[in-house]
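Step one of this worksheet: look at the structure below.
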Amino acid sequence: MFAYIIRRLLLMIPTLFGIMVINFLIIQAAPGGPVEQMIQKIKGTGVSATDRVTGGGGELMSTQSGPAQSASQGGSKIYRGSQGLDPEFIKELERMYGFDKPLPERFAMMMGNFLRFDFGNSYTSGRPVVDLIIEKLPVSISLGLWTTLLTYLVCIPLGIAKAVRDGTPYDVWTSSVIIAGSAIPGFLFAILLIVLFAGSSYFQWFPLRGLTSENWDTLSLWGKIVDYFWHMTLPLLSLTIGSFATLTMLTKNSFLEQINQQYVVTARAKGLTERGVLYGHVFRNAMLIVISGIPAAFIGIIFTGALLTEIIFSLDGLGLLGYEAAINRDYQVVFATLYAFGLIGLVVQLIGDITYMLIDPRIDFEARET
Numbered sequence: 058m059f060a061y062i063i064r065r066l067l068l069m070i071p072t073l074f075g076i077m078v079i080n081f082l083i084i085q086a087a088p089g090g091p092v093e094q095m096i097q098k099i100k101g102t103g104v105s106a107t108d109r110v111t112g113g114g115g116e117l118m119s120t121q122s123g124p125a126q127s128a129s130q131g132g133s134k135i136y137r138g139s140q141g142l143d144p145e146f147i148k149e150l151e152r153m154y155g156f157d158k159p160l161p162e163r164f165a166m167m168m169g170n171f172l173r174f175d176f177g178n179s180y181t182s183g184r185p186v187v188d189l190i191i192e193k194l195p196v197s198i199s200l201g202l203w204t205t206l207l208t209y210l211v212c213i214p215l216g217i218a219k220a221v222r223d224g225t226p227y228d229v230w231t232s233s234v235i236i237a238g239s240a241i242p243g244f245l246f247a248i249l250l251i252v253l254f255a256g257s258s259y260f261q262w263f264p265l266r267g268l269t270s271e272n273w274d275t276l277s278l279w280g281k282i283v284d285y286f287w288h289m290t291l292p293l294l295s296l297t298i299g300s301f302a303t304l305t306m307l308t309k310n311s312f313l314e315q316i317n318q319q320y321v322v323t324a325r326a327k328g329l330t331e332r333g334v335l336y337g338h339v340f341r342n343a344m345l346i347v348i349s350g351i352p353a354a355f356i357g358i359i360f361t362g363a364l365l366t367e368i369i370f371s372l373d374g375l376g377l378l379g380y381e382a383a384i385n386r387d388y389q390v391v392f393a394t395l396y397a398f399g400l401i402g403l404v405v406q407l408i409g410d411i412t413y414m415l416i417d418p419r420i421d422f423e424a425r426e427t
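Residue numbering for the sequence shown is 58 to 427, as defined by the working numbering.
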């Protein structure tokens, strides 16, 4: 196992490098960028461009240079909205954001900083990107943890019940409900929950936004727990609705496959009860593929599934952070989160494989030819 882990860790280096190269090139072709955003901001506020750089532009001077959208080489690019501005001011903006350097040099500088986990400062807030990620991470972890736990607690017993009652009316109508639920997009279901239970048209049982109430600091310990889950109810429901079908059917099919194996027939012939056969023999083998997918499911919910949910419910997590960074062209945050999420995703895949081997010692990835 040790040699397999080392080999996978070494393969992460070119994989992560490829992820960053592809995303870096794609973003270079995207319209807009920090320079154009700043130009529009300056024109919108009516503040002198020279003052923003030399006097009133302290926030610009403190911004670290970093990767961003394609910029001028030596000031040759014409930015949208830059008409009427001093060319020297445009060049100064490019130097502040690091756009005066060639594209390969910017990428090399970015990767060199990222290898040291130096993500620089946000273009929009001026705060260290690491601090932003750490600040938003608890919200996304809460969503991922409780959604994964709720999904597995519901889907595993439901999948087992469907496998035992395969072909019965119970199996048919539960499958219909599950498929109908999975057909509804999570964000659309979230909006429906808000309209029904957090809006003014029907019921106002749950809060409309946020993870805690304004009087959170004044609440008792039990009051904080109740308030927390009161705010989490609707987001969790919207996230879990789309996960039921996949996990439930995976559990059912896995159990059906094991129930038809010869060792189950042998166990029944020895006089074991159906419950003893199911939970004493079938359960462990059938749950291998389900349990080994927990790390990947948890990370997937944090980094992808919760994006629209955080936006809809105004939850200040990683999804909302990434969305705002993309809208504001804050590429320091965009590239840093891509790097962090890519690295975490690769590590989680390795953890999933290791979990699979620990659950079933018969599996040996190391024995495969490379």
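Here a beta-carbon is modelled for each residue, glycine too, at the ideal position from N, C-alpha and C.
- Taking all protein chains in view, the Cβ of Q389 is crowded by 16 or more other Cβ atoms within 10 Å, so the residue is classified as buried.
- In the three-state reduction of the DSSP assignment, P264 falls in the coil class.
- Beta-bridge pairing by DSSP links A255 to Q261.
- By the Cβ neighbour-count rule, E367 is buried, with 16 or more other Cβ atoms within 10 Å of its own.
- Three or more pairs of CB atoms, one per stretch, sit closer than 8 Å, so the segment 291-306 contacts the segment 217-235.
- If you draw a straight line from the Cα of L206 to the Cα of N80, it is about 32 Å long.
- At least 8 Å separates the beta-carbon of A393 from that of V78.
- Q315 sits away from V347, with the two beta carbons spaced by 8 Å or more.
- Secondary structure of P242 (DSSP, three-state): coil.
- The beta-carbon separation of G374 and L250, rounded to 18 Å, does not stay under the 8 Å limit for a contact.
- In the displayed model, N317 falls within coil according to three-state DSSP, outside both helix and strand.
- Taken through DSSP and simplified to helix, strand or coil, N385 comes out as coil.
- When Cβ pairs closer than 8 Å are counted between the two stretches, the segment 288-297 is seen to touch the segment 255-272, the count reaching three or more.
- Checking the DSSP bridge columns, you'll see P185 partnered with N178.
- Within a 10 Å sphere around the beta-carbon of I217 sit 16 or more other beta-carbons, which makes this residue buried.
- In the DSSP assignment, D284 falls within the unbroken alpha helix (DSSP H) covering L278 to T297.
- M58 carries a coil assignment under DSSP once its states are collapsed to helix, strand and coil.
- Excluding residues up to 5 positions away in sequence, S179, S182, L378 and V390 lie with their Cβ nearer than 8 Å to the Cβ of L189 in the same chain.
- By the Cβ neighbour-count rule, G177 is buried, with 16 or more other Cβ atoms within 10 Å of its own.
- In the displayed model, P159 falls within coil according to three-state DSSP, outside both helix and strand.
- Taking C-beta atoms as the reference points, K309 and K219 count as a pair closer than 8 Å.
- Straight through space, the alpha carbons of F156 and R163 are spaced by roughly 8 Å.
- Contact check for L268 against V196 passes: the beta carbons are separated by less than 8 Å.
- Of the candidates G399, Y320, I248 and L160, the residue whose Cα lies closest to the Cα of F171 is G399.
- Burial check for L335: the Cβ neighbour count within 10 Å reaches 16 or more, so the residue is buried.
- Residues of the same chain with a CB within less than 7 Å of the CB of A255, apart from the 5 flanking positions on each side, are Q261, F263, P264, L265 and L291 in chain order.
- In the three-state DSSP reduction, D410 falls in the helix class (H, G or I).
- For R341 and Q406, the gap between their C-alpha atoms comes out near 22 Å.
- The beta carbon of I408 sits closer than 6 Å to those of P352, all from its chain and outside the five residues before and after it, given in chain order.
- Residue environment: F286 is assigned as exposed (fewer than 16 neighbouring CB atoms within 10 Å of its CB, all protein chains considered).
- Using a 10 angstroms sphere on the CB of L296, the tally of other CB atoms reaches 16 or more, which defines it as buried.
- Taking the Cβ atoms as the reference, S311 lies roughly 4 Å from A343, within the contact range of under 8 Å.
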